[in-house]
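Just below is one structure, and these are the notes that go with it.
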Amino acid sequence: MNFAPLFSGSSGNAVYVASESTHLLVDAGLSGARIARELENLGLRADALAGILITHEHADHIAGVGVMSRRYDLPVYATEGTWRAMAAQLGKMAEKNVRVLREKAPFCVGDIAISPFPLSHDAADPVGYALSAGGARIAIATDTGEIRDSWLRYCEGADLVLLESNYDPAMLQAGPYPYPLKRRILGRQGHLSNDDAGRAAARLIASGVRRLVLGHLSRENNFPELALRAVQDALREAGLHAAVDIARRDGATGLYTLREELCAKIGG
1 MNFAPLFSGS
11 SGNAVYVASE
21 STHLLVDAGL
31 SGARIARELE
41 NLGLRADALA
51 GILITHEHAD
61 HIAGVGVMSR
71 RYDLPVYATE
81 GTWRAMAAQL
91 GKMAEKNVRV
101 LREKAPFCVG
111 DIAISPFPLS
121 HDAADPVGYA
131 LSAGGARIAI
141 ATDTGEIRDS
151 WLRYCEGADL
161 VLLESNYDPA
171 MLQAGPYPYP
181 LKRRILGRQG
191 HLSNDDAGRA
201 AARLIASGVR
211 RLVLGHLSRE
221 NNFPELALRA
231 VQDALREAGL
241 HAAVDIARRD
251 GATGLYTLRE
261 ELCAKIGG
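Here UniProt numbering is used: the first residue of the sequence shown is 1, the next is one more, and so on.
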C-alpha cells in the first residue's frame, strides 16, 4: 500500500491511501485544485482516484469534497449522521456518488478493505478508518477527544497509524483562544494532546504497530518538536522504539510504501 498525508491540521486535511490498483482520499478539506496539485507533486493524479472517505463534516475535512466529486465523478463515503450534517455544504451531488456507510460495517473499494470505527469528537457521527490491501494495513485516527479501546483496537498491529497529536497543554492554557474553545479542545469530544498521543503510541507500538505519523497538530498550540518529544519520551519510558514522523500542515509529508516486510518513506 501507499500512504501520503497531503495536508494535516485545522486549516485543512487530506490523506492519500492506495493499493496497486485502487486510489483513495480520506477527507478533502481544502480546495480541489490544491489537493490535485499536491497529488501531482507526488507524481499522482486526481483523476485516478476511486473515491473519497469522509471522517466527519467539519469544514477542514470536507471543503473540497463536492467539487472533487463533481469534477472527477468520485463516490463519497460517509456515515449516515455525517451525510445528514454535510450534504447541504457539498452542493449538488450525483445520486450514484452518495455512498452511505450504514452501521459502520466493513466494505471494500476495489481491492482495499475498509473498516470505519467510531471516534469521540463534537461532530454528528465521526469515524476513523482502517484500510488493508496486499498484506499491509493503515489506520487513521485523528479528531478524537479521548483514548478508547473502541478505536485503539482497530489500529493495533497496523503497519502505520496516523495518530492525532493536536496540542501542548501548557501552550493551549496560556494561549489566545477564548475559554469556551479551550474547553472544547480539552474535552472528551475535542482533540488529543501530545501527552495523550504518547500514551496511545506506547500501546500501539507494543501491539506491533511499525510506524507512527503524528497529525492534526495545532498551528497556535503546538510545535512539531514538542509533539515528537512527548511521543518519543512515552515510548522510551515504556522500553519501546519506533519510527515517528510529523505530518505537515501545508503540504505532503512524503509517500510511504508499506508491504508485509517493508515500511519505507520516499521523499518528503
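Even for Gly, the Cβ is constructed at its ideal location relative to N, Cα and C.
Remember, it's a predicted structure, so these values are computed and weren't measured experimentally.
Tell me F117's beta-bridge partners as DSSP assigns them.
Locating residue 117 in the sequence shown gives position 117, counting from the first residue. Paired residues: G128.
Residue span of the alpha helix (DSSP H) that contains A105, given as start and end:
On the sequence shown, residue 105 is found 105 positions in, with the first residue counted as 1. Run containing A105: none; DSSP gives neither H nor E here.
Within the chosen definition, does the stretch 38-45 reach the stretch 247-255 through at least 3 CB pairs nearer than 8 Å?
yes
Neighbour-count burial assignment, G91, 16 or more Cβ in a 10 Å radius
As a working mapping, residue 91 is identified with position 91 in the sequence shown. Answer is exposed; the Cβ neighbour count stays below 16.
According to DSSP, which residues form a beta bridge with T79?
To locate residue 79, count along the sequence shown from 1; it is residue 79. DSSP lists L101 as partners of T79.
Do you know offhand how far E57's Cα is from A63's?
As a first step, residue 57 must be located in the sequence shown, where it is residue number 57. As a first step, residue 63 must be located in the sequence shown, where it is residue number 63. Distance between the alpha carbons of E57 and A63: 9 Å.
Could you have a look at H23 and say whether DSSP puts it in helix, strand or coil?
Taking the first residue of the sequence shown as position 1, residue 23 is located at position 23. Residue state, collapsed to three classes: strand.
Which term fits Y179, buried or exposed, when burial requires 16 or more other beta carbons within 10 angstroms of its beta carbon?
Taking the sequence shown and counting its residues from 1, the one referred to as residue 179 is at position 179. Classification of Y179: exposed, given that the 10 Å Cβ count is below 16.
Just how far apart, CA to CA, sit C108 and I114?
Sequence index remark: in the sequence shown, residue 108 carries index 108 (1-based). Sequence index remark: in the sequence shown, residue 114 carries index 114 (1-based). Going from the Cα of C108 to the Cα of I114 covers about 6 Å.
Once DSSP output is grouped into helix, strand and coil, what is the label at G135?
Walking along the sequence shown from the start, residue 135 turns up at place 135. It is coil, neither helix nor strand.
Which of helix, strand or coil DSSP assigns to L226:
Reading the sequence shown from its first residue, position 226 is the one you call residue 226. Here L226 sits in helix by DSSP.
I need the straight-line Cα distance from R153 to A48, nearest angstrom please.
Locating residue 153 in the sequence shown gives position 153, where the first residue counts as 1. Locating residue 48 in the sequence shown gives position 48, where the first residue counts as 1. Roughly 31 Å between the two C-alpha positions.
How should R208 be labelled, buried or exposed, when 16 other C-beta atoms within 10 angstroms of its C-beta is the threshold for buried?
Here residue 208 corresponds to residue number 208 of the sequence shown, with the count starting at 1. Note on identity: in this sequence residue 208 is Gly, with Arg being the wrong assignment. That one is exposed.
Please list, in chain order, all residues of the same chain as R71 whose beta carbon is under 7 Å from its beta carbon, the five residues on each side excluded.
As a working mapping, residue 71 is identified with position 71 in the sequence shown. Result list for R71: G32, in chain order.
Since I believe L186 is in contact with V17 (beta carbons under 8 Å), could you give me their beta-carbon distance rounded to a whole number of angstroms?
Here residue 17 refers to the residue found at position 17 of the sequence shown. Here residue 186 refers to the residue found at position 186 of the sequence shown. Between L186 and V17 the Cβ distance is about 30 Å, and since that is not below 8 Å, they are no contact.
A50 - DSSP class collapsed to helix/strand/coil
Taking the first residue of the sequence shown as position 1, residue 50 is located at position 50. Note: A50 maps to coil in three-state DSSP.
Quick check on this structure: which residue in N166, I112 and P169 has the alpha carbon closest to the alpha carbon of N2?
The residue you call residue 2 lines up with position 2 of the sequence shown. Looking at the Cα atoms, I112 is the closest of the given residues.
Where does the unbroken alpha helix (DSSP H) through R188 begin, and where does it stop?
Position 188 of the sequence shown, counting from 1, holds the residue named residue 188. Careful: R188 lies outside any alpha helix (DSSP H) and carries neither H nor E.
Give a yes or no on whether the C-beta atoms belonging to L101 and A78 are separated by under 8 Å.
Here residue 101 is taken as the residue at index 101 of the sequence shown, counted from 1. Here residue 78 is taken as the residue at index 78 of the sequence shown, counted from 1. Closer than 8 Å, so yes.
State the CB to CB distance for the pair L119 and A141, rounded to an integer number of angstroms; the pair is presumed to be in contact (CB under 8 Å).
By 1-based counting over the sequence shown, the position of residue 119 is 119. By 1-based counting over the sequence shown, the position of residue 141 is 141. Rounded, the Cβ-Cβ distance is 7 Å, consistent with contact.
For I266, collect the residues of the same chain with a Cβ closer than 8 Å to its Cβ; drop the 5 residues on either side in sequence, then sort them by chain order.
Taking the first residue of the sequence shown as 1, we reach residue 266 at position 266. Only weak support exists for where I266 lies, its pLDDT of 45 falling under 50; the coordinates are left without a value.
Roughly how far, in whole angstroms, is the beta-carbon of G9 from the beta-carbon of L214, given that I think they are within contact range, below 8 Å?
By one-based count along the sequence shown, residue 9 stands at place 9. By one-based count along the sequence shown, residue 214 stands at place 214. Not a contact, Cβ separation roughly 11 Å.
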